[in-house]
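Colleague: Here it is, the structure in full.
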Amino acid sequence: MSYGDYARGYGGGSNGGGGSNSGNGGGYSNGYYNSTNGYSSGGYHGQSNGFGGSYSNGYGGNSGDKMSGIGANLKKPQWDLESLPKFEKSFYKPCDAVQKRSPAEVDAYRTQRQMRVSGRDVPKPVQSFDEAGFPAYVMNEVKAQGFKEPTPIQAQGWPMALSGRDVVGIAETGSGKTLTYCLPSIVHINAQPLLAPGDGPIVLVLAPTRELAVQIQQEVTKFGKSSRIRNTCVYGGVPRGQQIRELARGVEVCIATPGRLIDMLEAGKTNLRRVTYLVLDEADRMLDMGFAPQINKIVSQIRPDRQTLMWSATWPKEVRQLAHDYLKDFIQVNIGSLELSANHRITQIVEVVSEFEKRDKLVKHLERIMDDKETKCLIFVGTKRAADEITRFLRQDGFPALALHGDKAQNERDWVLNEFKTAKSPIMVATDVASRGIDSEDYVHRIGRTGRAGQKGTAITFFTTDNAKQARDLVTVLTEAKQQIDPRLSDMARGPGYGGGSSRGRWGGPRGGRGGFTSSNTAPLGSRRY
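Numbering of the sequence shown is given in this note's numbering, commencing with residue 1 and proceeding in unit increments.
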């Protein structure tokens, strides 16, 4: 593979299939929102320091959610908009400070923060958390994390989402997109009638991977607790029992990967008749992973006058087509360039190396990185086999590494993520579950695992001649982000003749064992070097 990244600020996932908070109540109403059932509190999740990297040729792990013929038994409802119950979705009323800003002031603010908007009647951005009009206890949680103002996607995205319009948001990974749709979803839920027995969720969030779904659930849980908003996280790779029980009890928010959700729908364990707020998160990754047919099946089960919000780090033609298929009269905000761009808070270092230099290079970087006891290191590799091989090698050399990929059981994946999150094992070797060969979009997503929530990060990439065909695109990304470029990488980008033969490098050998935790994660740890 050879695209890779060392990641600072990677937020690990959490255990479990989704807690449910009981009830729905409280009451909140002010000049900005007409809300009857309550409000939620919470805050940004903190981020810790870390690094990451990448190795090997080949393909990433499979998501486990893609099945042939999935959803074949789902029938598309015949929607009669006249007979459907009415629902509220427009809650935004700009405060006086926002209303009084002139078009010139708004344009200057957007230009300074690299915002570009399109569509009809796009609302003005807010410039502070207070201007968004969220309740004090929500804002107290946000401000407690040390954030002084909304991120650009939040500043423009909150008024857009709260207006009830369909929204497209394009912004780099780690820019705060989750809270951009999470907080308005709480407002939306609190304005709807309470769930009746047998009702499905009001808010549906689709995500490409289990890990992302669990991370989204953590945010929804924090912000939904005060108004007793219940949620569940529905994904494959684990038994269905707990997820079925939570759906049966009733949840206002369902965060799901497409395959497992369709499984639940076909089995009659839930329905989407009450969904009026639909979120497609990391839409570009879902398309990369082949989820377009599943998304189509799911969306067909949702009333057509819903509010739909689509979020993506990139804006290729496939994502544009998805927006035109499922969104109506949408308004759009782009943060940064429409061209593929990386998070500018990330320092990107690309080293042109041979396959046989990677081990020594990796060890030297880890020796330096692990001098900082607060640092976490995420190493991306191209194959599951490489993840296990490198993990064994690092553990034998005294580095506390654990491997994470799609062949590992869900309880082991949860354990690895928790060990990494709590820094008990500060090095994690992982495959990119969406990767089928690495390109510049994969690279941007991978390095986006660092520099999260406004933090800085460092990404170190080992680039071999096997990847010469990606050199030009990578140079474009580095140039846009004003990064130093290895002269050898520039040479590859300029001319042919850098094909190179494919090499398995030094990571051959048999796969790890399977009963209990896999052998790579139970390999003896040598004398600690950190």
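Here a beta-carbon is modelled for each residue, glycine too, at the ideal position from N, C-alpha and C.
Quick caveat, the model's predicted, so the values are computed rather than measured.
#1: Is it right to say residue 498 is buried, meaning 16 or more other beta carbons lie within 10 angstroms of its own, or is it exposed?
#2: Give the secondary structure of residue 419 by DSSP, where H, G and I count as helix, E and B as strand, and everything else as coil.
#3: Return the CA-CA distance between residue 474 and residue 362, expressed in angstroms with no decimal places.
#4: Under DSSP, the beta strand (DSSP E) around residue 116 begins and ends at which residues?
#5: Under three-state DSSP, which class holds residue 221?
#6: Output the distance between the C-alpha atoms of residue 197 and residue 271, rounded to the nearest integer angstrom.
#7: Have a look at 151, 148 and 167 and flag the residue whose alpha-carbon is nearest the alpha-carbon of residue 90.
#8: What is the C-beta distance between residue 92 and residue 163, in whole angstroms, given that I count them as a contact (C-beta under 8 angstroms)?
#9: Report all residues from its chain with a CB closer than 6 angstroms to the CB of residue 116; omit the five preceding and five following residues, and keep chain order.
#10: Tell me which same chain residues have a C-beta within less than 7 angstroms of the C-beta of residue 200, skipping the five on either side of it?
#11: What is the DSSP secondary structure of residue 20, counted as helix, strand or coil?
#12: Are three or more beta carbon pairs between the stretch 118–125 and the stretch 70–87 nearer than 8 angstroms?
#13: Starting from the C-beta of residue 157, find all residues in its chain whose C-beta is less than 8 angstroms away, skip the five residues before and the five after it, and write them out in chain order.
#14: Where are the alpha helix (DSSP H) runs, 4 residues long or more, that stay fully inside the stretch 207–258, in chain order?
#15: Counting only the same chain and skipping the five closest in sequence on each side, list residues whose C-beta sits under 6 angstroms from that of residue 349.
#16: Please go through the same chain and pick out, in chain order, the residues whose beta-carbon is closer than 7 angstroms to the beta-carbon of residue 493, but skip the five residues on each side of it.
#17: Whose CA, out of 165, 346 and 379, lies closest to the CA of residue 358?
#18: Would residue 109 and residue 188 qualify as a contact pair, given that the criterion is a beta-carbon distance under 8 angstroms?
#19: Quick one: is residue 132 buried, meaning 16 or more other Cβ sit within 10 Å of its Cβ, or exposed?
#20: In three-state DSSP terms, what is residue 81?
#21: Assuming residue 414 contacts residue 403 under a Cβ cut-off of 8 angstroms, what Cβ separation, rounded to an integer in Å, is found between them?
#22: Take residue 264 as the anchor and find which of 102, 248 and 328 has the nearest alpha-carbon.
#23: Are the CB atoms of residue 234 and residue 216 within a distance shorter than 8 angstroms?
#24: What are the boundary residues of the beta strand (DSSP E) that residue 351 is part of?
#25: Which same chain residues end up closer than 8 angstroms to residue 202 when comparing Cβ atoms and leaving out the 5 residues on each side of it in sequence?
#26: Where does residue 334 sit, in a helix, a strand or coil, going by DSSP?
#27: Reducing DSSP to helix, strand and coil, say where residue 430 ends up.
#28: Can you tell me which of 301, 351 and 283 puts its alpha carbon nearest to the alpha carbon of residue 558?
#29: Consult DSSP for residue 462 and reduce its assignment to one of helix, strand or coil.
#30: Have a look at the DSSP bridge pairing and note the partners of residue 311.
#31: Looking at the structure shown, is residue 277 part of a helix, part of a strand, or coil, going by DSSP?
#32: DSSP three-state label for residue 157, please.
#33: Consult DSSP for residue 89 and reduce its assignment to one of helix, strand or coil.
#34: As a quick exercise: from 127, 375 and 159, pick the residue whose alpha carbon is nearest that of residue 147.
Modeller: Short version:
#1: Only weak support exists for where residue 498 lies, its pLDDT of 43 falling under 50; the coordinates are left without a value.
#2: helix
#3: The alpha-carbon atoms of residue 474 and residue 362 are separated by roughly 21 angstroms.
#4: 115–118
#5: Under the three-state reduction of DSSP, residue 221 is assigned to helix.
#6: 12 angstroms
#7: 167
#8: 5 angstroms
#9: 334
#10: If we look at residue 200 and ignore the five residues flanking it on each side, its Cβ neighbours are 270, 271, 272, 273, 274 and 275.
#11: In this predicted model, residue 20 has a pLDDT of only 39, less than 50, meaning its place in the structure is not dependable; the value taken from the coordinates is given anyway. Coil, per DSSP.
#12: no
#13: 167, 169, 177, 180, 181 and 333
#14: As far as the stretch 207–258 is concerned, its whole alpha helix (DSSP H) runs of at least 4 residues are 210–224 and 241–249.
#15: 460
#16: 471, 472 and 475
#17: That would be 379, whose Cα lies nearest to the Cα of residue 358.
#18: 8 angstroms or more divides the Cβ of residue 109 from the Cβ of residue 188.
#19: buried
#20: coil
#21: Contact doesn't hold; Cβ gap of about 14 angstroms is too wide.
#22: The shortest C-alpha separation from residue 264 is found at 248.
#23: With contacts defined as CB atoms closer than 8 angstroms, residue 216 and residue 234 fail to qualify as a contacting pair.
#24: 346–352
#25: Closer than 8 angstroms at Cβ, skipping near neighbours: 188, 189, 192, 195, 252, 253, 274, 275, 276 and 277.
#26: DSSP places residue 334 in strand when its eight states are reduced to three.
#27: strand
#28: Because residue 558 is not part of the residues shown, which for the chain are 1 to 530, the question remains open.
#29: strand
#30: 169
#31: strand
#32: helix
#33: coil
#34: 127
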